[in-house]
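Residue numbers (our numbering), protein chains in the order written: chain A, 1 to 361; chain B, 362 to 589; chain C, 590 to 838; chain D, 839 to 1165; chain E, 1166 to 1472.
Here the structure is laid out as structure tokens; the discussion comes afterwards.
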Amino acid sequence: DGHGGLKVGMITTLSGGGAGLGLDVRDGFLLAVKQAGRDDIEVVVEDDQRKPDIAVQLADKMIQSEKVDVLTGIIWSNLAMAVVPSATAQGKFYLSPNAGPSALAGKGCHPNYFNVAWQNDNLHEAAGGYATSAGYKNSFILAPNYPAGKDALTGYKRMFGGDIAAEIYTDLGQTDYASEIAQIRASGADSVFFFLPGGMGISFLKQYADSGVDIPVVGPAFSFDQGILKAVGEAALGVVNTSQWSKDIDNAANAAFVESFQAEYGRLPSLYASQGFDTANLMISAFDVAHPAEDPDAFREALRKAEFDSVRGDFSFASNQHPIQDIYAREVVQEGDVITNRIVGVALENHGNAYVDDCKM
Amino acid sequence: MSLLHVSALTARYGAAPALFDVSLDIGAGEVVALMGRNGMGKTTTVKAICGMLPWEGTIRFDDADLAGWPSHRIARAGIGLVPEGRRPFRDLTVRENLIAAARTGDWTLERVADLFPRLGERSGQRAGSLSGGEQQMLAIGRALMTNPRLLILDEATEGLAPLVRQEIWAAIARLKRDTGLAILVIDKSVRELAQVADRAVILERGKTAWQGGMADLTPDISERLVGV
Amino acid sequence: MSDAVLETRGLSKAFGALKATDEVSLDLRPGEIHALIGPNGAGKSTLIAQVSGALRPDRGSVRLEGRDVTARSVEARARAGLARTFQISALAMEDSVFENAALGALGASGRPWRFLRPVARDAALRDRAMAALERVGLQDAADTPVSALSHGQRRQLEVAVALTLQPRAFVMDEPMAGLGADGSRRMTGFLDGLRDEAPILLVEHDMDAVFALADRVSVLVSGRVIATGTVAEIRRDPAVQAAYLGDSA
Amino acid sequence: MIRENVLNAGILLAFAAVPLWALWADEPFTITLATRAAILALAAVGLNIALGIGGLVSLGHAAFFGLGGYAMGILAHHAQTYAPLEIGPLTIAGTKSMPVIWITALVASALVAWVIGKLSLRTTGVYFIMITLAFGQMLYYFAISWSAYGGEDGLSIYVRNGFPGLNTLVPIQFFGLTFAVLLAALVLFAALRSSPFGLALNAARQAPARVAAVGLDPARLKLVAFVISGAVTGLAGALYADLNRFVSPTMFSWQLSGELIVLIVIGGVGRLMGPVVGAALFVALEHWLGGLTEYWLIALGGILLGLVLFARGGVIGLLTGKAGPHV
Amino acid sequence: MSTILLIEQVLNGLQFGVMLFLMAAGLTLIFGVMGLINLAHGSLYMVGAFAAAAVAGVTGSFVLALAAALAAAALAGAVIEIAVIRRLYAAPHLDQVLATFALILIFSEGTRWLFGSFPLYLDIPDALSGPVTLPGGIEYPRYRLALIAIGIAVALGLWWLTARTRLGIRIRAGENDREMIAALGVDISRLYTLVFALGAALAGLAGALVGAIQSVQVGMGEPVLILAFVVIVIGGIGSIKGAFVGALLVGLTDTLGGLFLPALFRLFMAPDAATQTGAALASMAIYILMGLVLVWRPAGLFGTRAA
Ligand SMILES: Nc1ncnc2c1ncn2[C@@H]1O[C@H](COP(=O)(O)OP(=O)(O)OP(=O)(O)O)[C@@H](O)[C@H]1O
Ligand SMILES: Nc1ncnc2c1ncn2[C@@H]1O[C@H](COP(=O)(O)OP(=O)(O)OP(=O)(O)O)[C@@H](O)[C@H]1O
Ligand SMILES: [Mg+2]
Ligand SMILES: [Mg+2]
């Protein structure tokens, strides 16, 4: 097609239970492209239904038929694991707006794979860091029994200085946490760390609040995103969560992003929207330098420099091409009628990730 | 003035026609025998009357046109069916079988138990574990519990021991004598039919081939159309 | 009595407190039709189920040609030469008449584990099935699906499937049930000829047929055999009259 | 109304023609879609042996699909990492050879099908549906927490496995291979159905008491059918994993078992070409509707509903005017 | 492990079981009466939860929310029955499976279309929030106790309805022979619509009750549906008593399995591996339970017939 234009393939989850995240990433990404005013960038969006096999086939389609230059969009780690290795092996660039499995940060890292959100452990590590600084000595930790859950607990423990009262793996998709809460009550812990994405977190928080157990809770931002807080309600008040982004981060890019996103879509942006937005802006900054198909090395080099205005503030890449960034501790508060997050401090400053040394690149 | 009037009745199973031209009449209090060889359409006629099968032609009950009526409405209008093959509600007890069908009227649990003492004795037993004869009595009792004005008995003595058959025939005779119930009865035994029926209708390949008083049913007609 | 083809000894089966069969000992001799009659609920079907292997007896044994088959499954007994027909037709309703008969022939051949060659090209199966159909007069309906058969034809097919087994003994539960007068007559004639092939244990309520066919009659009442004898003896027996026959004796 | 044989031939021709057209029109993804349809059809042909002929509604066939997938994943993973597989004293080298993987998949799923079948066939009807589901779920949860092979994340294989004489990386060649396997499975299905075994199995579905009474053991017939069925579906799993160069526990999910049933019902239960038509239609709809709207699943639901309500016997039933066996 | 924790876990198991029963009861009723495998039952659960959340959002009243859940689910059930299911009674089982599968797609995505992709807010009413102290010093959420009570009340009510009322007898008669009960004067179509709506209402009630302590979101019905199927199969299809016993068994197995299995493995494994293996086995526990029950009793614990 005689290059010039940039063709981006976005594979993300747009239907079924996990669609909220994919929609936000998509909307954030498209907003950035629109604001850049670049009509030489074409984005092809496809729904992976949260099924790895569908994601793989869509990647094939993007590469074989659509002939895209850059792939992005995947929300879930297991889908990323299915798609990324073969996409990068075929010479395509993959910019992750969300999933950041450790396998792709360490041994499986690749020059064409960039993660613009985080390494999966980051927010958990930050939670551990926060818990240490808050003076907690004994944590009860729980996560679903799947790789990301195990990474979460590992990440927390990596940065947490105190003891672990108990470590529990729940079922993936579990909705009732009465049993776990009873164990928390009986554990004698002084803090609880949980990683339960999506509906699992909502259920846990509601049930926890109702149980009368008042041990303080820390968690990664996933269960405290704006969309989710609406569903959890007051049960989340006071919980501290860690995030590399918050709508009240004080910089011009962020303020403009929050305002324009609201104007465009009529809702508050979420963490995921911010990641989609950043991903697009990073990509555009590199495309300004070179076209990925014509001069992949220059494009890659430009990506590594990360010369774009991240809505999170300072942003750079570690050598394994995952972010180095501040991760904040936020508290859930009530502002008028709205339940939302307020930054209470920085949990980890200029934090990279633990897999840099495993990545031979 | 007949209670049930059927004329020019046709019906089919899928594409295969089973009834071509059936007509019959039953007056109030009358007992009519529906006869014919295997597969001539007796059961199909009954199913049509009871609304269990789509049909064309005329069926009138008590002057109401039954065209398009669902079967429960026909039953409520006063037609009680004892189906071929008994078809008890197998997982229900005898008592529950009777209750399921019950509608207010003269027939009650007690009266059915009087008619068939065996059912009274077994009232708590699962219908599925009753013997064939007991199930047959239950099927009759159940139809009576709907307090019908026309009782249809399709092969009510099939598979029954001679003694039980006699009991059933006696019960039918008693019903005829004591209640003035109109009865349409299908059975293999011409001899016994002759004793209770006032009239006979004989089907041959889905058509009414003969009808008339039981007394007029000569041996050669019977031999030709029923095989006896 | 060791020449009996089929023999039960003290068969007992209780359902809770109800003794459905109680110490039933019967035998079926070569060339005979042995009718088993009795009131509804006397235990006839229960007995047949134990003889054919569908039901385990609580006590007692079943012997086929002198061998104890009490512990064997339905299939094993069928392979050993016992053919039964069902009180309520049990046929593959979607299949054709021929296929049902071929199933019998296949069972008789004992080799169902052939996966590739079509049945239609297996001459041995086909001939055996068609021969049985011809004997009951269903050869012209071979390609009709069973669901389109009349009741009477289904009863005939039941018998045809049993015939394909070329069994050592037949066990028939009410083969006349639901047949009209002429149908019964035809079936009676047919069974009459069949006894030379293998003896028949016949459960039947149609007394005309029983009296016409049976060499011996056993009367089962409340799970017990109250009388065994020739037709004449049974008809005269006052106990049988009281329990079963009534005035049709 | 069309004669079923003519229709079947037409379907196969069309199925083969689409990827050839795509090759000519340089639409490689259409070839991938056709390959996906062929593999799903193969899995469903496997299920159709148990379900269509034997009346065994298994809601656990994803178990075999997944086993086949993991047979490929594990063998190729060990080949890819040059670390032999060690089971107790046994040391097995991984492999990237499709024939070896296929045989492994066939044997593994047949063995597991034998065990599952042996236990499940004690039940019938809905109980059978649910007990097969239970076994499927057990394997699913097992795979999720089996961290040695990626757990929930699954296993990626970087390069598609090889087949002697072919370059499987070329989409049309890989399609050709899967299509050939599908054809072989269809021949097997047709032969089974009209064989003595098929006759007995078909009767065992409708009248088990009759089958026993002629001296055949209905439970054994069904077990053998279940094993053959599981093995074919397992083979499809291995191919599917190779198509995606990836395996994950979703291959074991009950949704997938359900989808296989749906494919068969769409096409026509017990019909030779039922699974093929169902899979082709399903993949085509998924692809086409997905491009139209975010809410395409509503449309898919509507179409499926329309099919059930107005096309008894599935698409093939609709086209031939015959309803097919009742399951 | 302390006794208090154990008792609390048993209560949790009961509560979970009782909720499963609400789902399972409707399912088993519909299957038993109509012979219908209703995969869309989980969608009705979701409808109940969304209706409750929507009404609670507007009115703030939990009682109204429950009423709305019952009404919406019953209405949806009646509409499904009249528009779709009714045409499929004579069809093979698998057609029903496909049709109800299609209904899941329509309901799930339709709900997402109406309410968006994010979970909704539905909270416990103030009167029932917070823990109570039970004898022995056990602190237990008041709301969960209320759930147990409601579930048991519904169980008793259903048992009374099916076993003791004429309507119940007719429903069961319809299970045995639909054509025959109609020929005896019972309006079977109305009866079926009624049963379907009743089953749907129970699912909707469960959805609303559970929605208050869980996430009200699209797709929430599917995991519960599978569990409800497990329950009715363990209990014996068509049996309300079986559904109750099965639900409690599943509830207790799931809750106690998650507690004891990891602990058990810790006795002879490294803690890390034990936690994982235990958790893995715990997630399989109910399926293992179902497998064992069916191998032992192929028609479930209280099943009378092979369905
Ligand atoms: N469900 C069915 N599907 C197709 N054909 C049927 C069906 N039921 C009956 N038939 C056919 O319709 C015709 C009439 O059958 P019907 O049952 O009315 O006869 P019948 O007079 O009651 O016979 P019998 O004395 O055997 O009970 C027969 O030829 C039969 O084969
Ligand atoms: N599974 C069972 N559970 C309980 N009771 C049973 C069971 N099967 C049969 N019975 C009872 O055992 C007795 C014998 O039944 P059986 O069917 O053998 O009678 P039969 O002589 O064949 O009668 P018919 O002539 O009516 O067919 C009956 O009273 C019946 O109710
Ligand atoms: Mg008839
Ligand atoms: Mg009997």
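Glycine residues also receive a C-beta, built at the ideal position from the N, C-alpha and C atoms.
- Task: Check whether the Cβ atoms of Glu167 of chain A and Thr1440 of chain E sit closer than 7 Å, and answer yes or no.
- Result: Closer than 7 Å, so yes.
**Asked** Just by C-beta distance, which residues in the segment 1443-1466 of chain E are closer than 8 Å to chain D?
**Response** Those would be Ala1444, Ala1445, Ser1448, Met1449, Tyr1452, Ile1453, Met1455, Gly1456, Leu1459, Val1460, Pro1463, Ala1464, Gly1465, in chain order.
Q) Considering only C-alpha positions, which residue in the set C:Met765, C:Ser698, C:Leu671, C:Leu754 is nearest to Ala743 of chain C? A) For the record, residue 743 of chain C in the displayed sequence is Arg; it is not Ala. C:Met765 is the residue among C:Met765, C:Ser698, C:Leu671, C:Leu754 whose C-alpha sits nearest the C-alpha of Arg743 of chain C.
Check: Ala634 of chain C C-beta below 6 Å from any heavy atom of ligand 4: For the record, residue 634 of chain C in the displayed sequence is Ser; it is not Ala. At least one heavy atom of ligand 4 lies less than 6 Å from the C-beta of Ser634 of chain C.
### Message
Measuring alpha carbon to alpha carbon, tell me which residue in B:Ala409, B:Gly441, B:Ala474 is nearest Gly429 of chain B.
### Response
The candidate whose alpha carbon is nearest that of Gly429 of chain B is B:Ala409.
Can you say whether Glu924 of chain D is buried or exposed, counting buried as having 16 or more other CB atoms within 10 angstroms of its CB? Per the 10 Å Cβ criterion, exposed.
Inter-residue Cα distance where the pair is Ile1154 of chain D and Gly884 of chain D: So the two alpha carbons sit approximately 18 Å from each other.
>> Output needed in chain order: residues of the segment 455-471 of chain B with a Cβ under 7 Å from some Cβ in chain E.
In response: Residues of the segment 455-471 of chain B with a Cβ closer than 7 Å to any Cβ of chain E, in chain order: Glu457, Ile460, Ala461, Ala462, Arg464.
Task: Within chain B, the residues that Leu834 of chain C reaches when beta carbons sit closer than 8 Å - done: Within chain B, the residues near Leu834 of chain C are Pro523, Leu524.
If we define contact as Cβ-Cβ less than 7 Å, is Phe1084 of chain D a contact residue for chain A?
Answer yes: the Cβ-Cβ gap between Phe1084 of chain D and chain A drops below 7 Å somewhere.
**Prompt:** Using CA coordinates, which residue listed in A:Glu42, A:Asp163, A:Ser203, A:Ser96 is at the minimum distance from Thr170 of chain A?
**Reply:** Comparing Cα-Cα distances from Thr170 of chain A to each of A:Glu42, A:Asp163, A:Ser203, A:Ser96, the minimum goes to A:Ser203.
Sub-7 Å separation of Ala488 of chain B and Ala1338 of chain E beta-carbons: No, Cβ-Cβ distance for Ala488 of chain B and Ala1338 of chain E is not below 7 Å.
- Between the beta-carbon of Val1070 of chain D and the beta-carbon of Ala948 of chain D, is there less than 7 Å? Ala948 of chain D is positioned such that its CB atom lies no closer than 7 Å to that of Val1070 of chain D.
Return yes when the C-beta of Asn629 of chain C is under 6 Å from any heavy atom of ligand 2, and no when it is not. Yes, since a heavy atom of ligand 2 falls inside the 6 Å radius drawn around the Cβ of Asn629 of chain C.
Helix, strand or coil, according to DSSP, for Arg813 of chain C in the structure here? DSSP places Arg813 of chain C in strand when its eight states are reduced to three.
Could you tell me whether any non-hydrogen atom of ligand 1 is closer than 6 Å to the CB of Thr405 of chain B?
Distances taken from the Cβ of Thr405 of chain B to the heavy atoms of ligand 1 include one shorter than 6 Å.
- Which residue's Cα is closest to the Cα of Pro449 of chain B: E:Phe1227, E:Arg1335, E:Phe1425? Distance from the Cα of Pro449 of chain B is smallest, within the candidate group E:Phe1227, E:Arg1335, E:Phe1425, for E:Arg1335.
| field | Below-7 Å beta-carbon distance, Asn846 of chain D vs any chain C residue | value | At a cut-off of 7 Å between beta carbons, Asn846 of chain D makes no contact with chain C.
- prompt: Is the CB-CB distance between Leu913 of chain D and Thr929 of chain D below 7 Å?
  reply: Taking the C-beta atoms as reference points, Thr929 of chain D is found no nearer than 7 Å to Leu913 of chain D.
Taking 7 Å as the threshold (beta carbon to beta carbon), is Lys424 of chain A in contact with chain E? A query on residue 424 of chain A cannot be resolved here, the shown segment of chain A reaching from 1 to 361 and no further.
- Distance, Ala801 of chain C Cα to Leu578 of chain B Cα: Each residue's Cα considered, the two are about 27 Å apart.
> What residues of chain D sit near Phe1181 of chain E, judged by a beta carbon separation below 9 Å?
Replying inline: Phe1181 of chain E does not reach chain D, its nearest Cβ partner there being about 18 Å away, counting only Cβ pairs nearer than 9 Å.
Distance between Val116 of chain A and Ala901 of chain D (C-alpha atoms, nearest Å) | Taking the straight line joining both Cα atoms gives about 37 Å.
Checklist line | Contiguous beta strand (DSSP E) assignments of at least 3 residues, all confined to the segment 41-120 of chain A | finding: If we require 3 residues or more, the beta strand (DSSP E) runs fully inside the segment 41-120 of chain A come out as 41-47, 70-72, 93-96, 113-115.
| For Thr868 of chain D, which residues of its own chain have a beta-carbon under 6 Å away from its beta-carbon, when the five flanking residues on both sides are left out? | Once the five neighbours on either side are set aside, the close Cβ partners of Thr868 of chain D are Ala860.
- Query: Looking at the structure shown, is Leu1134 of chain D part of a helix, part of a strand, or coil, going by DSSP?
  - Reply: A small correction: the amino acid at residue 1134 of chain D is Trp; Leu does not occupy that position in the sequence shown. DSSP places Trp1134 of chain D within a helical segment (H, G or I) once states are collapsed to three.
For ligand 1, I want to know if Tyr819 of chain D counts as a neighbour, meaning its beta carbon is within less than 6 Å of at least one of the ligand's heavy atoms.
Missing from the structure shown is residue 819 of chain D; chain D here goes from 839 to 1165 and no further.
| request: Using a cut-off of 8 Å between C-beta atoms, extract the partners of Val1431 of chain E located in chain A. | output: Sequence check: residue 1431 of chain E is Arg here, not Val. Chain order gives no chain A residues near Arg1431 of chain E, where near means a beta carbon separation below 8 Å; the closest approach is about 11 Å.
- Task: Within 10 angstroms of the Cβ of Phe1433 of chain E, are there 16 or more other Cβ atoms? Answer buried if so, exposed if not.
- Result: So Phe1433 of chain E ends up on the exposed side.
Practice prompt. Compute the minimum distance between the beta carbon of Glu1344 of chain E and the heavy atoms of ligand 3, and state whether it is under 6 Å.
Written response: Outside the cutoff, so no.
Apart from the five residues on each side of it in sequence, which residues of its chain come closer than 8 Å, Cβ to Cβ, to Trp530 of chain B?
Cβ within range, chain order: Thr518, Glu553, Gln556, Val557.
| Applying a beta-carbon distance threshold of less than 7 Å, which residues of chain E neighbour Met413 of chain B? | Here the neighbours are Glu1344, Ala1348.
Leu1279 of chain E classed as buried or exposed, judged by whether at least 16 other C-beta atoms fall within 10 angstroms | The residue is exposed, with fewer than 16 neighbouring Cβ atoms inside 10 Å.
Buried or exposed (CB count within 10 angstroms, at least 16 for buried), Ala606 of chain C: By the Cβ neighbour-count rule, Ala606 of chain C is exposed, with fewer than 16 other Cβ atoms within 10 Å of its own.
Next item on the list: Throw me the rounded Cβ distance for the Gln639 of chain C and Lys608 of chain C pair, which I believe falls under 8 Å.
Entry: Gln639 of chain C to Lys608 of chain C, Cβ: 13 Å. No contact.
Q. Based on Cα-Cα distance, which residue from A:Gly20, A:Val70, A:Glu46, A:Phe29 lies nearest to Glu294 of chain A?
A. For Glu294 of chain A, the closest of A:Gly20, A:Val70, A:Glu46, A:Phe29 by C-alpha to C-alpha distance is A:Val70.
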